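Going by this note's numbering, the letters in the sequence shown line up with residues 9 to 211, in that order.
No residue lacks a Cβ here, since even glycine has one placed at the ideal position from N, Cα and C.
Please read all numbers here as calculations on a predicted model, not as lab measurements.
A quick write-up on the structure given underneath.
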Amino acid sequence: MNTNNMEFHLVGSTTSPFVRRLRILMDFHQIPYQFEAINYMEAGGDKRLRSLGPVNKLPVLLVGDQKIFDSRIIFQFIRKTCHIENHFDINADNDLTILDAGLDSLVNLFSWKRGGVDFEKMHPEHFYYKRQVGRVLEVTQYFEERVQNLAEWNYVTMSLYAAYDWAQIRKMIELVPERNKNLLEFLSRHSVRPEVVKTQIPI
Ligand SMILES: N[C@@H](CCC(=O)N[C@@H](CS)C(=O)NCC(=O)O)C(=O)O
């Protein structure tokens, strides 16, 4: 791979939580990058994304002539090349896996909804819907307890912030003080960080 000049070019969108976590990471560590925001729901954005490879998902990182797919692999690449997050251990990896399982379910339900299929209203007993919602509830409960131990501002907490901020803005989840006190406190505490403010989802 030719990453000689090591200029990072991030192809993403201003709304995707998978993209935002990487923007927060790079802004926080003052890693320079170009940001190309596309909308894959529009013809031009769809064409651009498909031109990058068969996965057709955001984000994609371009470094020299190398394309890197998937936020997690992009994170690993940035972490290695920019020497950050040295104490990222197996528990952090598990947290990311758990978070992404819930987020994938939410993003899929969001896509269905935007395409006119509101499972909650139309098929509340559907096997697929119940699996996704069940997972989201379990994952949210897991982080409600876990977040107390996540004091550091690192890739896991950045990803957690981006996921739940997106889910609330898109009305895919409603966090309430009776059940989600710790998560709400976590979101409020980090909402003032410059890299969080800079990457706010435009409403
Ligand atoms: N595992 C991927 C998930 C990325 C993902 O789901 N991105 C969404 C945007 S939030 C996407 O591009 N969806 C397009 C589609 O599903 O067609 C990652 O971590 O990068």
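Residues in its own chain within less than 7 Å of residue i by CB, not counting five upstream and five downstream?
i              : result
leucine 117    : Phe127, Gln140, Met180
isoleucine 213 : Absent from the structure is residue 213, since the part of the chain shown begins at 9 and ends at 211.
proline 210    : Thr22
leucine 195    : Tyr169, Tyr172, Asp173
histidine 131  : Tyr137
isoleucine 46  : Val19, Ser21, Gly53, Arg56, Leu57
Can the beta-carbon of residue i be found closer than 8 Å to that of residue j?
i                : j             : result
valine 204       : tyrosine 169  : yes
glycine 33       : tyrosine 48   : The sequence shown places leucine at residue 33, not glycine. Cβ distance not < 8 Å, so leucine 33 and tyrosine 48 don't count as in contact.
methionine 14    : valine 71     : yes
phenylalanine 96 : arginine 87   : yes
leucine 191      : valine 155    : yes
leucine 18       : glutamate 50  : no
lysine 75        : glycine 53    : no
phenylalanine 36 : serine 79     : no
threonine 207    : arginine 28   : yes
glycine 110      : threonine 148 : yes
Under the DSSP definition of a beta bridge, which residues are partnered with residue i?
i            : result
glycine 20   : Ala45
glutamine 74 : Val71
Between the options, which lies nearest to residue i when the distance is taken from Cα to Cα?
i              : options                        : result
alanine 171    : Lys129, Phe16, Asp103          : Asp103
arginine 197   : Arg187, Met166, Pro210         : Met166
tryptophan 174 : Met14, Gly72, Val200, Thr22    : Thr22
arginine 58    : Arg28, Gly20, Cys90            : Gly20
glutamate 152  : Ile177, Ser119, Lys121, Lys189 : Lys189
arginine 122   : Arg178, Asn94, His131, Phe16   : Arg178
histidine 91   : Gly110, Asn157, Gln38          : Gln38
aspartate 73   : Leu158, Phe16, Phe194, Ser119  : Phe16
glutamate 146  : Leu158, Pro132, Asp108         : Asp108
valine 115     : Tyr137, His131, Ala100         : Tyr137
threonine 105  : Pro132, Tyr41, Pro40, Tyr150   : Tyr150
asparagine 99  : Met130, Arg201, Phe194, Asn157 : Asn157
proline 202    : Arg187, Gln176, Ile46, Trp161  : Trp161
serine 24      : Ser199, Glu186, Gln176, Pro185 : Gln176
threonine 89   : Pro185, Pro40, His134          : Pro40
Among residues of its own chain, excluding the 5 on either side of residue i, which ones have a beta-carbon nearer than 6 Å to its beta-carbon?
i                : result
leucine 183      : Leu191, Leu192
serine 113       : Gln140, Arg143, Val144
phenylalanine 85 : Ile76
arginine 187     : none
By Cβ distance below 8 Å, which residues in the same chain neighbour residue i in space, the five residues on each side in sequence not counted?
i              : result
valine 63      : Phe77, Asp78
tryptophan 120 : Asp126, Phe127
Quick check for students: name the residue ranges of the beta strand (DSSP E) that lie wholly in the region 92–154, counting only runs of 3 or more. The region 92–154 contains no complete beta strand (DSSP E) run of 3 or more residues.
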